[in-house]
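Scroll down for the structure; my scribbles are underneath it.
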Amino acid sequence: MALLRGLRARLRPSPYTNTVAFVVFVCLLLVGIDGLRTWNARIAQLAETRTETSNLARSLAQHASDAIGAADAVLLGLRERVETDGVGPVNLARLHRLMQARTGGMPMIHGLFVFDADGDWLVNSLDATPPGLNYADRDYFQFHRTHPDRGLHIGRPLQSKSDGSWVIALSRRLDHADGSFAGVALATMPMAFFQNHYDTFDVGRRGIIALETAGGFLVVRKPYDPSLIGADLRSSPTFPLMHDAAGQGTSFAYRSTLDGRPRLGSFQPVGSYPLIVLVAQDKAEALADWRSEARAHLSSALLIALLIGALGHYLARQIGERQRAEALFRLIAEHSTDAIICVGADEVRRYASPAFFAITGWRAEETLGKRWRDYVHPDDRATVDDSLDELRRGVGMVVCTYRYMRKDGSSVWVEGRFQPVRQGSGAGTEFIGNIRDISRRKEIEEKLAAVNAELQALSLTDPLTGLANRRRFDETVAGEWNRAMREVLPISLLMIDVDRFKAYNDQYGHQKGDECLRAIAAAIEGAVLRAGDLPARYGGEEFAVVLPSTSAAAGEQIAERVRAAVAALRIPHMRAPSGRASVSVGLATLMPDRGAQPAELVEAADAALYRAKQNGRNRVEVHEPLKRLARAAVRRGASA
Numbered sequence: 192m193a194l195l196r197g198l199r200a201r202l203r204p205s206p207y208t209n210t211v212a213f214v215v216f217v218c219l220l221l222v223g224i225d226g227l228r229t230w231n232a233r234i235a236q237l238a239e240t241r242t243e244t245s246n247l248a249r250s251l252a253q254h255a256s257d258a259i260g261a262a263d264a265v266l267l268g269l270r271e272r273v274e275t276d277g278v279g280p281v282n283l284a285r286l287h288r289l290m291q292a293r294t295g296g297m298p299m300i301h302g303l304f305v306f307d308a309d310g311d312w313l314v315n316s317l318d319a320t321p322p323g324l325n326y327a328d329r330d331y332f333q334f335h336r337t338h339p340d341r342g343l344h345i346g347r348p349l350q351s352k353s354d355g356s357w358v359i360a361l362s363r364r365l366d367h368a369d370g371s372f373a374g375v376a377l378a379t380m381p382m383a384f385f386q387n388h389y390d391t392f393d394v395g396r397r398g399i400i401a402l403e404t405a406g407g408f409l410v411v412r413k414p415y416d417p418s419l420i421g422a423d424l425r426s427s428p429t430f431p432l433m434h435d436a437a438g439q440g441t442s443f444a445y446r447s448t449l450d451g452r453p454r455l456g457s458f459q460p461v462g463s464y465p466l467i468v469l470v471a472q473d474k475a476e477a478l479a480d481w482r483s484e485a486r487a488h489l490s491s492a493l494l495i496a497l498l499i500g501a502l503g504h505y506l507a508r509q510i511g512e513r514q515r516a517e518a519l520f521r522l523i524a525e526h527s528t529d530a531i532i533c534v535g536a537d538e539v540r541r542y543a544s545p546a547f548f549a550i551t552g553w554r555a556e557e558t559l560g561k562r563w564r565d566y567v568h569p570d571d572r573a574t575v576d577d578s579l580d581e582l583r584r585g586v587g588m589v590v591c592t593y594r595y596m597r598k599d600g601s602s603v604w605v606e607g608r609f610q611p612v613r614q615g616s617g618a619g620t621e622f623i624g625n626i627r628d629i630s631r632r633k634e635i636e637e638k639l640a641a642v643n644a645e646l647q648a649l650s651l652t653d654p655l656t657g658l659a660n661r662r663r664f665d666e667t668v669a670g671e672w673n674r675a676m677r678e679v680l681p682i683s684l685l686m687i688d689v690d691r692f693k694a695y696n697d698q699y700g701h702q703k704g705d706e707c708l709r710a711i712a713a714a715i716e717g718a719v720l721r722a723g724d725l726p727a728r729y730g731g732e733e734f735a736v737v738l739p740s741t742s743a744a745a746g747e748q749i750a751e752r753v754r755a756a757v758a759a760l761r762i763p764h765m766r767a768p769s770g771r772a773s774v775s776v777g778l779a780t781l782m783p784d785r786g787a788q789p790a791e792l793v794e795a796a797d798a799a800l801y802r803a804k805q806n807g808r809n810r811v812e813v814h815e816p817l818k819r820l821a822r823a824a825v826r827r828g829a830s831a
């Protein structure tokens, strides 16, 4: 067992180890919480970026849809005129003027063209028609020649044969009356129309805005790179995502096959047209501000953790040194100034160290062999017996404080530490006690308690008048308010102000003013008869009386008694109309509920006091709502 106890003692963590472990835990917790906050900020930043790109993609898709819709409306009109009016010289001349008017007023249209079944120009919007050009080789022309579909066809980007600029071709099939192929109506949209619009948006230095065909070919891209026009994007990681979304916009993260940059992108279909708008921000740029803040936060957290760790290490060392010092001090005290006694199972003292006799004043031969508890102060014997009973029940050590009777009849306060000494089964229990004189400590504790009680009283008392001060008033109002709310009782409050007290001070001086306040305070205290009521000095020349469980009628009687008691003092006041000092009193009574606060009671009483001052002073005024209730009660009684 001794070996086991020794092993447990060695394995038991020391206070130093516990303190260090706690400090390490706090530091790790601090860094972990900051790291979690930083990671959540990253998630929020990425979500914000996705929202921004999604909103911009939706806006640009709508812009493209509106522009294509406007151009297609012109195409439909051209096809109808050609198929209805024919292609005679007069009709073509009129159609040429119309096409020029349309292109002049619509910036999204580069040119309008009508081709016959062989791919030759019939009419266009150009000022001059270049000779010898044929368009039968164009993809859109071959598409319409082989497909009877009369819907809008949007082809891949191409360079205009007329001026060499990059355009997007919108075309519709022309048919003869018998349904055979008659040619193509074409509207070209300048890529610059989209490029200029996209350049007005800031998506970062490495961000992109792209207009792509549903078939996976690049049409327009910001930043502009002519070598990428018409690029095949079907191997891009974004291509299957766009098709899997079934025509709905979505956001995703990907790595570009064009420049290898990781990006956060959103795409949006362009209405019902086979085009898609992609908006993407470079992931590093999107997280740039977050990285700066994260570095700052984590650096601060690590610095704080290091400071806490250093402080914790210092405190842990201090704790260890203090405990070692206390252990050394205890060892010295137990073997020098403390008394050691040995008490048998019959409670007869078998041994006492010399320090015991120095503490009690007895000689060894006068106490040896006698019951030791006979020298314990009669008032403390029950305490000592209870402690020793705990030892008999198996407690390892007990500490109790009691008084020893000295030889000269006085008593001395001691602290006893008792441990049992087992003598075998049924043999009873002997005790070894360590006795320490604590008279000085007890004296200091009693003095300190008295001083604390006095300070507590002073902290709650107004030094000039001896009444309760503002602090005690506030505590009492709060406490009585809660009690009244629990017990469903009214609470009343008097707010009292000495009339024209500033003039009194100016006339008689501050010393006389203090005497006046003391006299009025005494009169107020004398007029408040119940033990539970609290008169207090509220501040300056203002007083207050808290009246728990008091109705408005009873409160008004007390208020009038206070006013009359002050008037009865007949304190001379030359600058008052009556020639005597007087007080004005405001009364408020409330039934507290959970929706109200004690401040409402004070405000109501203060408002009544203000009305008393306005109505001539030296009077009692009741809070107005209470007066109306009182009048209503009188009227009900009269009508009954």
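Residues in the sequence shown are numbered from 192 upward in steps of one, following the numbering used here.
Cβ coordinates follow ideal geometry from the N, Cα and C atoms, glycine included.
In this text the structure is predicted, and so the values were computed from the model without any measurement.
Quick one: using the 10 Å Cβ neighbour count with 16 as the cut-off for buried, is R691 buried or exposed?
buried
Report the start-end ranges of each beta strand (DSSP E) in the region 277-339 that is 3 residues or longer and not cut off at the edges.
302-307 and 312-315
Which residue comes first and which comes last in the beta strand (DSSP E) that contains M686?
I682 to V689
Is it buried or exposed, E812, if we count other Cβ atoms within 10 angstroms and call 16 or more buried?
buried
Excluding sequence positions up to five away, which residues of its chain have a Cβ less than 6 Å from the Cβ of A487?
Same-chain partners within the cutoff: there are none.
Helix, strand or coil, according to DSSP, for E666 in the structure here?
helix
Spatial neighbours of H568 within its chain, please: C-beta separation below 8 Å, excluding the five flanking residues on both sides.
Y593, R594, Y595, M596 and S602
Limits of the alpha helix (DSSP H) - the one that R572 falls within:
R572 to R583
Counting Cβ pairs closer than 8 Å, one from the region 372-386 and one from the region 348-364, do we hit at least three?
yes
Within the 8 Å Cβ cut-off, does V793 reach chain C?
No chain C appears in the structure shown, which is made up of a single protein chain.
Quick one: using the 10 Å Cβ neighbour count with 16 as the cut-off for buried, is E747 buried or exposed?
Buried, because 16 or more other Cβ atoms sit within 10 Å of the Cβ of E747.
Buried/exposed call for A790, threshold 16 Cβ in 10 Å:
exposed
For D354, list the residues DSSP reports as bridge partners.
DSSP, once it has assigned bridges, lists no residue as partnering D354.
Which residues does DSSP list as the beta-bridge partners of W672?
Answer is none; W672 lacks a bridge partner.
Rounded separation between Q788 and G717 - CA only:
29 Å
Would you check if the distance between the CB atom of I749 and the CB atom of L685 is smaller than 8 Å?
yes
Which first and last residues belong to the alpha helix (DSSP H) in which K804 is found?
Taken as a continuous stretch (DSSP letters only), the alpha helix (DSSP H) holding K804 covers P789 to Q805.
Where F213 and S491 are concerned, what is the direct C-alpha to C-alpha distance, given to the nearest angstrom?
Distance between the alpha carbons of F213 and S491: 20 Å.
Taking the alpha carbon of D369 as the point to measure from, which residue in P339, F384, P348 and D393 has its own alpha carbon closest?
Here the closest residue by C-alpha is P339.
Excluding sequence positions up to five away, which residues of its chain have a Cβ less than 7 Å from the Cβ of G560?
Once the five neighbours on either side are set aside, the close Cβ partners of G560 are V539.
Reduced DSSP category for E455 - H, G, I as helix; E, B as strand; rest coil
Checking the sequence, you will find Leu at residue 455 rather than Glu. L455 falls in the strand class under three-state DSSP.
Rounding to the nearest angstrom, what Cα-Cα distance links A779 and G500 in this structure?
57 Å
Own chain, CB closer than 8 Å to D705, minus 5 neighbours either side, in chain order
Once the five neighbours on either side are set aside, the close Cβ partners of D705 are L655.
Comparing C-alpha positions only, which one of A767, G451, V776 and L455 sits nearest to S442?
It is L455.
Around the Cβ of F392, are there at least 16 other Cβ atoms within 10 angstroms (buried) or fewer (exposed)?
exposed
Beta-carbon contacts of A471 that lie in its chain and below 7 Å, excluding the five residues immediately before and after:
Result list for A471: T244, G398, I399, R454, L455 and G456, in chain order.
So what does DSSP say about I259, is it helix, strand or coil?
I259: helix per DSSP, three-state reduction.
Would you call the region 655-671 and the region 719-730 touching, i.e. three or more CB-CB distances under 8 Å?
yes
If D480 and G395 are in contact, beta carbons under 8 Å, what's the gap, nearest whole angstrom?
Contact doesn't hold; Cβ gap of about 12 Å is too wide.
Between A524 and D576, what straight-line distance do the alpha-carbon atoms span, to the nearest angstrom?
Unreliable positioning characterises A524 in this predicted model, as indicated by a pLDDT of 41, which lies under 50. The coordinate reading is nonetheless provided below. Cα to Cα, A524 sits roughly 26 Å from D576.
Contacts around D784, its chain only, beta-carbon distance under 7 Å, and the 5 residues preceding and following it disregarded:
Excluding sequence neighbours, D784 sits near M676.
Which of the three DSSP states, helix, strand or coil, is assigned to L738?
strand
Straight-line gap, R452 to M382 (C-alpha atoms, nearest Å):
25 Å
Taking C-alpha atoms, which residue in G260, I532, I550 and H814 lies nearest to T379?
Nearest option by C-alpha distance: G260.
Member of A772, K703 and P768 whose CA lies at the smallest distance from the CA of A755:
A772
Status (buried if at least 16 other CB within 10 Å, exposed otherwise) for G223:
exposed
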